[in-house]
Amino acid sequence: MKCLFLFLLSFLVLPGLLPAADRRLVDRVTAVVNEEVITQSEFDTVFRPIYEQIKETYQGPELQKELREVRLKLLNQMIEDKLVYQEAEKMGIEVLDSEIEEWIASFKSQFPDEATFEGEMQRAGLTRPLLEEQCRQRLAIVRLHQFVIRGKVVVSPEEVEQYFQDHPDEFIAKDAVELWTITIRKSDEAIKEGITDEGAKKKAENLLLRLKRGADFSRLVMRNSQSSNAEAGGVLGFVTKGTLLDDIDRIIFSLAEGSFSDVLETERAYHIFKVGKKKIGVQKTFEELRDEIRDKVFRIKAHERFVEWMAEVKNRSYISVR
């Protein structure tokens with residue numbers, strides 16, 4: 286449910302759509318985009334849940350560095366979204382009420398019931414009219430992308446084959462393993478000094494002992510794990526060989542299905558991994574990969590086209606960051 290809440294908040298990247306109560310508290314303009322503004326409270330509303338996620342991964346100077354980078358990227362995204370919607374309005378792109386209702390109905394189906402949906406809406410500071418207006422703007426932006434960007438991108442068979450030949454490493458079949466993890470974070474001092482956190486290590490070792498005695502893994506995760514996926518039972522999904530740190534990767538792929546790793550130490554935490562199903566990589570032929578490669582080349586060219594188009598829009602727009 287956490288990811289659905291963040292998805293709802295992602296709509297607020299479109300500036301000018303905060304609830305009226307929030308707008309009344311605004312005391313500073315963060316950016317001016319042509320004749321419209323992005324306020325500090327609008328920015329903070331979107332940034333706040335992102336900050337909560339970042340601080341789970343970074344600490345100290347690294348946290349501050351990451352926050353600075355994310356702030357810049359987020360503000361640029363908000364500026365670009367506003368520019369794109371302004372262009373959509375100029376082009377007269379319209380979204381039907383029936384399309385909005387269809388999208389909202391589809392989105393609501395991801396929640397177990399109406400009460401849960403309304404609760405998440407409230408957490409995100411959204412009302413039904415506000416959600417409808419945001420949906421209208423998002424769909425208009427998507428439609429503009431289709432007309433201006435994606436509609437002008439063509440991928441030839443020669444480009445598909447050339448990409449396959451130029452990027453052989455991308456198509457080397459790799460083994461994969463299904464993983465879950467319990468994560469016990471080290472203290473700030475232990476991370477800073479690069480030393481063992483005896484308390485955290487002992488806690489992880491005790492959890493491993495309980496697992497070996499038959500304790501339920503998902504229950505231990507939800508009660509003890511200190512990672513962002515704890516609420517989801519510690520699931521990492523299928524992880525491709527070579528993705529993890531070398532030492533951990535070697536250990537994980539040597540374990541049998543259904544087994545647990547010992548307590549493994551990284552720079553910031555202690556981990557216990559549970560191994561699920563294993564997939565043996567099978568090399569696919571070009572014919573089998575053709576559609577996948579065509580889609581990838583299309584996305585690359587569409588992104589390049591969008592960057593060029595956005596640069597043109599910015600050059601003829603008034604943008605001021607305060």
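First residue of the sequence shown? That's 286 in this note's numbering, and the numbers climb one at a time after it.
Ideal placement from N, C-alpha and C gives every residue a C-beta, glycine not left out.
Computed from a prediction, not measured in an experiment: that's the story for all the values here.
Nearest-angstrom Cα separation, counted from residue 476 out to residue 509 = By one-based count along the sequence shown, residue 509 stands at place 224. By one-based count along the sequence shown, residue 476 stands at place 191. Their backbone Cα atoms lie some 20 Å apart in a straight line.
Sequence-distant residues of the same chain with beta carbon closer than 7 Å to residue 529, five excluded per side | Walking along the sequence shown from the start, residue 529 turns up at place 244. 537.
Backbone CA spacing between residue 498 and residue 490 [nearest angstrom] = For this step, residue 498 is matched to residue 213 along the sequence shown. For this step, residue 490 is matched to residue 205 along the sequence shown. Cα to Cα, the separation comes out at about 13 Å.
Please report how far the alpha carbon of residue 449 lies from the alpha carbon of residue 577, in whole angstroms.
-> The residue labelled residue 449 in the question sits at position 164 within the sequence shown. The residue labelled residue 577 in the question sits at position 292 within the sequence shown. Each residue's alpha carbon lies about 10 Å from the other.
Per DSSP, cross-strand counterpart(s) of residue 465 = As a first step, residue 465 must be located in the sequence shown, where it is residue number 180. Paired residue(s): 520 and 559.
Looking at the unbroken alpha helix (DSSP H) that takes in residue 330, where does it start and where does it end?
-> Taking the first residue of the sequence shown as position 1, residue 330 is located at position 45. Its alpha helix (DSSP H) spans residues 325-339.
Would the region 353-363 and the region 383-403 be scored as touching if the rule is three or more Cβ pairs under 8 Å?
-> no
Which residue from 513, 424, 393 and 406 puts its Cα closest to that of residue 342?
-> For the purposes of this step, residue 342 is taken as the residue at position 57 of the sequence shown. Ranking the options by Cα distance to residue 342, first place goes to 513.
Quick one: using the 10 Å Cβ neighbour count with 16 as the cut-off for buried, is residue 411 buried or exposed?
-> Taking the sequence shown and counting its residues from 1, the one referred to as residue 411 is at position 126. By the neighbour-count rule (16 or more Cβ atoms within 10 Å), residue 411 is buried.
Straight-line Cα distance separating residue 371 from residue 364 = As a working mapping, residue 364 is identified with position 79 in the sequence shown. As a working mapping, residue 371 is identified with position 86 in the sequence shown. C-alpha separation (whole angstroms): 11 Å.
Reduced DSSP secondary structure (H/G/I, E/B, other) of residue 445 = For the purposes of this step, residue 445 is taken as the residue at position 160 of the sequence shown. Residue 445 falls in the helix class under three-state DSSP.
Assign residue 275 to buried or exposed, taking buried as 16 or more other Cβ atoms, counted over all protein chains shown, within 10 Å of its Cβ.
-> An answer regarding residue 275 cannot be provided, because it is not within the stretch 286 to 607 covered by the chain.
Would you call residue 468 buried or exposed, if buried means 16 or more other Cβ atoms sit within 10 Å of its Cβ?
-> If you number the sequence shown from 1, residue 468 lands on position 183. Its Cβ being crowded by 16 or more others within 10 Å, residue 468 is buried.
Whole-Å CB distance - residue 461 paired with residue 526, under 8 Å assumed = Position 176 of the sequence shown holds residue 461. Position 241 of the sequence shown holds residue 526. Confirmed, Cβ separation roughly 7 Å.
CA nearest to the CA of residue 522, picked from 552, 547, 544 and 563 | Stepping through the sequence shown from its first residue, residue 522 is reached at position 237. That would be 563, whose Cα lies nearest to the Cα of residue 522.
Hey, how far is the Cα of residue 291 from the Cα of residue 594?
-> Within the sequence shown, the letter at position 6 stands for residue 291. Within the sequence shown, the letter at position 309 stands for residue 594. Residue placement at residue 291 is poorly supported in this model, since its pLDDT is 47, which falls under 50; the coordinates still yield a value, given next. Straight-line Cα distance between these residues: approximately 28 Å.
Look up residue 291 in the DSSP assignment and say whether it is helix, strand or coil.
-> Residue 291 sits at position 6 when you count from the first residue of the sequence shown. Residue placement at residue 291 is flagged as unreliable, the pLDDT there being 47, under the threshold of 50; a coordinate-derived value is accordingly withheld.
Work out the CA separation of residue 574 and residue 584 for me, nearest whole Å.
-> The residue you call residue 584 lines up with position 299 of the sequence shown. The residue you call residue 574 lines up with position 289 of the sequence shown. Their backbone Cα atoms lie some 15 Å apart in a straight line.
Exposure label - residue 349; buried when at least 16 CB within 10 Å = In the sequence shown, residue 349 corresponds to position 64, counting from 1. Exposed.
How many Å lie between residue 308 and residue 427 at the Cα?
-> Position 23 of the sequence shown, counting from 1, holds the residue named residue 308. Position 142 of the sequence shown, counting from 1, holds the residue named residue 427. At residue 308, the pLDDT of 46 sits below 50, so the modelled position is not reliable and the matter cannot be decided from this model.
Note the first and the last residue of the continuous beta strand (DSSP E) segment covering residue 427.
-> The residue given as residue 427 occupies position 142 in the sequence shown. Element bounds for residue 427: not the beta strand (DSSP E) but the alpha helix (DSSP H), 413-429.
Specify, as a first and last residue, the run of the alpha helix (DSSP H) that residue 604 falls within.
-> Counted from its first residue, the sequence shown places residue 604 at position 319. Element bounds for residue 604: not the alpha helix (DSSP H) but the beta strand (DSSP E), 604-606.
Taking residue 436 as the reference, give the member of 602, 600 and 590 with the closest Cα.
-> Numbered from 1 along the sequence shown, position 151 holds the residue referred to as residue 436. Cα-wise, what sits closest to residue 436 is 590.
Straight-line CA distance for residue 395 to residue 517?
-> Here residue 395 refers to the residue found at position 110 when the sequence shown is read from its first residue. Here residue 517 refers to the residue found at position 232 when the sequence shown is read from its first residue. One C-alpha to the other measures close to 16 Å.
Beta-carbon separation (whole angstroms), residue 544 vs residue 560, contact threshold 8 Å = By 1-based counting over the sequence shown, the position of residue 544 is 259. By 1-based counting over the sequence shown, the position of residue 560 is 275. Their Cβ separation, rounded to whole angstroms, is 5 Å, which keeps residue 544 and residue 560 in contact under 8 Å.
Determine the burial state of residue 607: buried for a count of at least 16 other Cβ atoms within 10 Å of its Cβ, exposed for fewer.
-> Sequence index remark: in the sequence shown, residue 607 carries index 322 (1-based). Exposed, since its Cβ has fewer than 16 Cβ neighbours within 10 Å.
If we ignore side chains and look at the alpha-carbon of each, how far apart do residue 418 and residue 463 end up?
-> By one-based count along the sequence shown, residue 418 stands at place 133. By one-based count along the sequence shown, residue 463 stands at place 178. So the alpha carbons of these two residues sit roughly 40 Å apart.
Just reading off the beta strand (DSSP E) that residue 439 is part of, what are its end residues?
-> As a working note, residue 439 is residue 154 in the sequence shown. From DSSP, residue 439 is part of no beta strand (DSSP E); its letter is neither H nor E.
Name the DSSP beta bridge partners of residue 494, please?
-> By 1-based counting over the sequence shown, the position of residue 494 is 209. Paired residue(s): none; residue 494 is not in a bridge.
Between 376, 382, 413 and 380, which lies nearest to residue 393 when the distance is taken from Cα to Cα?
-> Locating residue 393 in the sequence shown gives position 108, counting from the first residue. Taking only the C-alpha atoms, the option nearest residue 393 is 413.
Residues that DSSP places opposite residue 321 in a beta bridge | For this step, residue 321 is matched to residue 36 along the sequence shown. Note: residue 321 sits in a beta bridge opposite 318.
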